Structures are given as structure tokens and as C-alpha cells.
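Q: Counting in UniProt numbering, the sequence shown runs from 1 upward without gaps. Below is one structure. I have some questions about it.
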Amino acid sequence: MSFRDADGPIRMTDSAIFFTVGPEPARADIPALCADLAALVRGRGGGVVICDVAEVARPGVVTVEALARLSLTARRHGWSLVVSGAGPDLRELVRLLGLTGVLLQVGRQSEQREETGGVEEVVHGPDSPG
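Printed below as a string of C-alpha cells:
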């Protein structure tokens with residue numbers, strides 16, 4: 001297990017790598033972010049990269065692009081990327097761009113034939129009341 005000092009963007013444990021995206025990522029920063037992540041995961045067994053975006057001040061399309069490219073970089077090396085600390089503005093932007101299922105954890109999946117919480121089955125047909 002190794003950790004960089006508190007100001008550093010990267011921490012590692014046996015089961016996960018913690019990677020931080022700064023407050024205002026620019027498009028020009030994306031290749032370096034991806035190269036840094038690739039260097040961390042290259043040659044290691046698969047695992048989870050937890051990408052902390054809590055410091056992102058004003059999320060924009062470039063932020064989402066950076067996360068998507070970091071996710072692809074992790075996947076190329078057999079890792080999965082989980083976004084952590086996303087604020088409401090970033091979550092809404094990811095949703096508007098149709099990338100919620102790719103970048104954000106939306107909750108657990110229903111198990112075999114289990115109804116999703118708060119959802120009732122609606123029956124339409126001759127036997128339905130009213």
C-alpha cells in the first residue's frame with residue numbers, strides 16, 4: 001500500500017487506486033491525466049480506479065470529456081473507473097450528455113425478478129379496475 005502526500009492527486013491501496021481531478025481541468029490537461037493514470041495501472045492486475053471530482057469547481061463539457069477518457073484509459077488496462085464526489089451540477093451534465101450509466105454509479109441492479117424500489121407494476125387491459 002502506498003500513498004502520496006496529502007496534496008498529491010494519487011493514492012494506492014491493494015484493491016483500488018484513488019485518482020483526483022483538479023478544480024478546473026482544461027482540454028489540454030486531458031492527455032496528461034490519461035498518461036498519469038495509464039502509468040499507474042499499467043502492468044498491475046485489474047481493479048478499481050476511484051476518481052475523486054469533489055474539487056471540480058465549475059464542471060463543463062471538458063470535465064465530462066476528461067472523465068470519459070479516463071474511464072477508457074482505465075478499461076484499456078483492465079481496470080474500471082468509478083467517479084466519486086460528483087456534485088449536482090456535474091451529475092446533471094453527465095445525465096444530459098447521456099453518460100450516466102458509463103460514468104456514474106446509479107445504484108445497485110435489481111436481482112432476479114425483483115421490483116426496483118418504489119416502482120409498482122401497472123396493468124392495462126380488460127380486467128384492470130377503473
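No residue lacks a Cβ here, since even glycine has one placed at the ideal position from N, Cα and C. Computed from a predicted model, the values in this text were never measured in an experiment.
Who are the near neighbours of S84 in its chain, counting only those whose CB is closer than 8 Å to its CB and skipping five residues on each side?
A: I50, C51, D52, V53 and A54
Q: For V94, count neighbouring C-beta atoms within 10 Å of its own C-beta (all shown protein chains included) and say buried if the count is 16 or more, exposed if not.
A: buried
Q: Quick check on DSSP: helix, strand or coil for A32?
A: Helix at A32.
Q: Starting from A16, follow the beta strand (DSSP E) in both directions and report where the run begins and ends.
A: A16 to T20
Q: I need the straight-line Cα distance from residue 132 to G101, nearest angstrom please.
A: Residue 132 falls outside the range modelled here, since the chain spans only 1 to 130, and no answer is possible.
Q: Work out the CA separation of S15 and A38 for me, nearest whole Å.
A: 17 Å
Q: For S80, list the residues DSSP reports as bridge partners.
A: Answer by DSSP bridge pairing, in chain order: V48.
Q: Nearest to V41 by CA position, among G22, E92, S71 and R27, is which residue?
A: S71
Q: Does A26 pass the burial test, meaning 16 or more other C-beta atoms within 10 Å, or should it be called exposed?
A: exposed
Q: By the 10 Å Cβ neighbour count, where 16 or more other Cβ atoms means buried, how is V56 classified, buried or exposed?
A: Its Cβ being crowded by 16 or more others within 10 Å, V56 is buried.
Q: So what's A74 in DSSP terms, helix, strand or just coil?
A: helix
Q: With distances taken from CA atoms, which of A74, V48 and L33 is nearest V62?
A: L33
Q: Could you tell me the alpha carbon to alpha carbon distance between T73 and G43, rounded to whole angstroms?
A: 13 Å
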